[in-house]
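Novice: Mind looking over this structure? Questions follow.
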Amino acid sequence: MTHYGKALLLTAMFALTACQSASKTDTAAAASHDPETDQCGASQFQNYVGQPLKALDNKRFDVPVRAIPWNGAATMDFNLRRLNFMGDRSGNISQVYCG
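The following block contains the structure:
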C-alpha cells in the first residue's frame, strides 16, 4: 500500500508541474497578441528581442518606457500603457511587454 501511495503522489507532482509550465507559456503568448493587453504596442517592438538594451538609448517612444536590466529593481505597479524591455544576463533584450 505504501508503494501505491508514493507512486500516486509522484504522478500527481509531475502532472501539476506540467500544468504549471504550460499555463505560463500560454499566458505569455496570449498577452502578446491580445489587443486588450497590448495597449502599449509591445507587439510592434518584438524585433528588439535579442538586441542590446543600449539600443534603446537614443530611441523615442509615444508611450512611457522602461528598460529593466537583468536582476534590476522595478516597481510592481501595473500600467498597460507602459512599454517594458526586459534584459537578460548578457545585457540583451529578452522580452518586450506591456505592464
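Quick note: to get our numbering, add 8 to the position in the sequence shown (first position is 1). Just so it is clear, CB atoms sit at the ideal spot from N, CA and C, and this is done for glycine as well.
If you reduce the DSSP assignment to three classes, tell me which class residue 88 lands in.
Specialist: If DSSP states are grouped into helix, strand and coil, residue 88 belongs with coil.
Novice: Just to confirm my understanding: we take residue 75, look at its own chain, exclude 5 residues before and 5 after, and list those with CB closer than 6 Å. What are they?
Specialist: Within the same chain, residue 75 has close Cβ partners 61, 64 and 93.
Novice: Among 95, 67 and 84, which has the Cα closest to the Cα of residue 78?
Specialist: That would be 95, whose Cα lies nearest to the Cα of residue 78.
Novice: Determine the burial state of residue 88: buried for a count of at least 16 other Cβ atoms within 10 Å of its Cβ, exposed for fewer.
Specialist: So residue 88 counts as exposed.
Novice: What number of angstroms, rounded off, separates the C-alpha of residue 83 from the C-alpha of residue 52?
Specialist: Spanning the two alpha carbons is a distance of roughly 24 Å.
Novice: The beta strand (DSSP E) spanning residue 68 covers which residue range?
Specialist: Run containing residue 68: none; DSSP gives neither H nor E here.
Novice: Checking the sheet assignment: what are the DSSP bridge partners for residue 60?
Specialist: For residue 60, which the question treats as bridged, DSSP gives the partners 100.
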